[in-house]
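Numbering (this note's numbering), first residue to last: 14 to 87. We put the beta carbon where it would ideally sit given N, CA and C, even for glycine. Single-structure report; data block below.
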Amino acid sequence: MANEKVQKRGFFSKVKQFFRNYKSEIKKITWSSKTDVVKNTAVVLVVMVAAAIVIALLDFGASTLIDLLGKIAP
14 MANEKVQKRG
24 FFSKVKQFFR
34 NYKSEIKKIT
44 WSSKTDVVKN
54 TAVVLVVMVA
64 AAIVIALLDF
74 GASTLIDLLG
84 KIAP
């Protein structure tokens, strides 16, 4: 163990290996098709708009209720 030389890799060698591994992992990814991405984006936008409308209606209702209660008991 004492006689073994441990060869350390240099900085640029490590960076080069990192990008090789990165490229290898990127090739393994199963990417969604463009139509799937467009459909999913549309679903997300519709849900966001629906949630915004629901929150706006709840806010309007709550503020109206508070105004009515403020007029009843000044």
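Rounded to whole angstroms, the gap between the alpha carbons of alanine 55 and leucine 70 is 23 Å. The DSSP-derived three-state label of arginine 22 is coil. In the three-state DSSP reduction, alanine 86 falls in the coil class, being neither helix nor strand.
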